[in-house]
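For reference, the structure discussed in these notes is given below.
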Amino acid sequence: MRGRIGHKKLAEKVCSADEAAALISPGDNIGMSGFTGSAYPKAVPRALARRIMDRAQNGEPMQVGVWTGASTAHELDGALAEVDGVELRLPYQSDPVSRAKINAGRMEYLDIHLSHVAQQVWQGFFGRLDVALIEVAGITEEGHLIPGTSIGNNKTWLDLADKVILEVNSWQSEQLRGMHDVYYGTALPPHRKPVMIIDPGDRIGVPHLICPPEKVIAVVETDAPDRNSPFKAPDEISQRIAGHVIELFEAEVAAGRVPANLLPLQSGVGNVANAVLADLATGPFEGLTSYTEVIQDGMLDLIDSGKLVSVSATALSLSEQAVQRFTDDAAKYRDKVVLRPQEISNHPEVIRRLGVIGMNGFIEADIYGNVNSTHVMGSRIQNGIGGSGDFARNGYLSIFVSPSVAKDGAISAIVPMASHVDHTEHDVDVVVTEQGVADLRGLSPKQRARKVIEKCAHPDYRPQLTDYFERAQRESHGGHTPHLLGEALSWHQRFLTDGTMRAR
């Protein structure tokens, strides 16, 4: 027994990161832990990158498949991308080096709804899972694995991988123990059973991950922090968007469409989302709950304010200051926080039945309510769809938020036609920018267009959008969703050639 490793046989398998990396073969598919910069392996990926670089210098190139829960951090994604060590990446990434390699055509990338990943891996669409490389907070005497600050797809990786490498990270707080709920009741059709979550705080599984010790080929000890990006203080634009969202909630309560304590909230990652959570902490709503993917700083503020009574997620995504706060008050947070596998945190049936209110960001939305949340100028991936589709398609209320312009006003977030569509008009209920709220429920396409232009477009672009829409109604070949096909994407082309979407 040593440190965080309580199982005798597994303690005997402790080795260096380089020794563990040497057990990975060229062409292996590796299921790695990690979700939004939390609980990803930090030593073995860098050792593997060194090995790949050494092999390349000797004329023996090596690549692997990298599968995760969602984004990780530079020690994993960046390190392997820098040495061209990744053949295929899935299902979500946010590393700038990986993004550059993907957009340069030097790395294949599959952008997948997060709720779909485990099922598709079980069905074998991506090939065999050779290795699971999982960071844990500790190993019990019984051999149970104590998860860290995220779970993601770890259950599936451990179930399906031929071989397992564990990183036991003593930086991960021992106070996390008991905060996790790992459900082992999932199955493929026709053997599925209902997932019996009635309230976001329900626990239906066990507080640990299960892995046969004989599958473990190496254990590496580490002491390294998660590297989540710090959040900026809410700026005026974010605060205005947040204010509009709170006003929308108040209107929904007044209309009797949601209860006074709202419905379970889902919030995407980012500064706008954190601004909404900050406003909720000082707002009129009590007894809030959350069924989401990621717990950000704002969620801790809501718990501390007494307004949030329970939150379910698959990962923590906290700033350095919030991590310390969380660790210092872990006993308080443990009673209110549940961390689950992402196939449960993003489960479509559970989301629909609980009536989750989804709040996610977008890159651009067109006048008819189609939303692009992944691509810049139609063909360049930014990060990925993540879980936004899980909540937009299945939630009770689907809200998309963004500033109305980008690049100092050179880009309008509201365009005639989205250059890429992740969420169709059928899955988008409300669009919010700092300009206002466009509630699209119950509106025809032309009615939606008028509302989006009037309420959400920046004043600098409103006349251009109005002109396009009016001419499209007169000149298009169809009157249901009027478009001028030769002009619909001209705004994007204008930006690429002139550096601005503004008409000359």
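Going by this note's numbering, the final residue of the sequence shown carries number 1189, and the count climbs one at a time with no gaps.
Even for Gly, the Cβ is constructed at its ideal location relative to N, Cα and C.
- V749 places its beta carbon less than 9 Å from that of E772.
- In this structure, K840 is the residue among K840, Y1146 and S1129 with its C-alpha nearest to the C-alpha of T753.
- In this model, D986 and E899 are separated by some 43 Å (Cα to Cα).
- As a beta-bridge residue in DSSP terms, E852 pairs with E820 and V905.
- Between the alpha carbons of H893 and L973 lies a distance of about 27 Å.
- The alpha-carbon separation between L761 and P726 amounts to approximately 7 Å.
- Boundaries of the alpha helix (DSSP H) harbouring F1154: R1147 to E1160, taken from the DSSP string.
- Annotation: the continuous beta strand (DSSP E) that includes Y976 extends over L973 to Y976.
- Per DSSP, R731 is one residue of the alpha helix (DSSP H) stretching across V729 to Q742.
- The beta carbons of I1029 and V849 sit no closer together than 9 Å.
- E1172 carries a coil assignment under DSSP once its states are collapsed to helix, strand and coil.
- Going by C-alpha positions, K1140 is about 14 Å away from S1097.
- Residue nearest to H929 within the set P910, G953, A702 and V957 is V957 (criterion: CA-CA distance).
- Take the alpha-carbon of R942 and the one of Q1158: they are about 34 Å apart.
- Burial check for N714: the Cβ neighbour count within 10 Å reaches 16 or more, so the residue is buried.
- Taking 9 Å as the cut-off, the Cβ atoms of A1142 and S1089 count as close.
- Excluding the 5 residues flanking it on each side, E935 has same chain C-beta neighbours closer than 8 Å at P969, in chain order.
- Sixteen is the threshold: since fewer than 16 other Cβ atoms of the shown chains lie within 10 Å of the Cβ of H1111, the residue is exposed.
- In the three-state scheme derived from DSSP, where H, G and I count as helix and E and B as strand, H1143 is classed as coil.
- Taking each of D844, V821, S701 and T871 in turn and checking the Cα distance to S855, the smallest one comes out for V821.
- For the pair F1180 and A1091, the Cα-to-Cα distance works out to about 12 Å.
- With 16 or more other CB atoms across the displayed protein chains lying within 10 angstroms of its CB, K1021 is buried.
- Uninterrupted alpha helix (DSSP H) stretches at least 4 residues long and entirely within the region 1070-1116 occur at 1073-1079, given in chain order.
- Taking all protein chains shown into account, Y1053 has 16 or more neighbouring C-beta atoms within 10 Å of its C-beta and is therefore buried.
- One thing to note: G1080 has its Cβ no nearer than 9 Å to the Cβ of G1046.
- Nearest in C-alpha terms to E859, of all of D847, D884, E852 and I831, is I831.
- Separation of A966 and A960 (C-alpha to C-alpha, rounded to the nearest whole angstrom) is 10 Å.
- Residue state for I980 is assigned as strand, using DSSP reduced to three classes.
- Beyond the five residues adjoining it in sequence on each side, A1188 comes within less than 8 Å, by CB distance, of Q1149 and R1179 in the same chain, given in chain order.
- Note that the region 706-713 does not touch the region 798-812; fewer than 3 beta-carbon pairs, one per stretch, sit closer than 8 Å.
- Within the same chain, and ignoring the five residues on either side of V979 in sequence, the residues whose Cβ sits closer than 6 Å to its Cβ are T721, V954, A998, A1000 and S1002.
- Annotation: N788 is outside any beta strand (DSSP E); the continuous alpha helix (DSSP H) that includes it extends over P781 to N788.
- Straight through space, the alpha carbons of D1124 and K1136 are spaced by roughly 8 Å.
- With respect to I819, G716 sits close: the two C-beta atoms are nearer than 9 Å.
- Ranked by Cα distance from Q778, the first of G790, V751 and Q981 is V751.
- Closest in C-alpha terms to V1041, from the list S1073, I1066, L765 and S975, comes S975.
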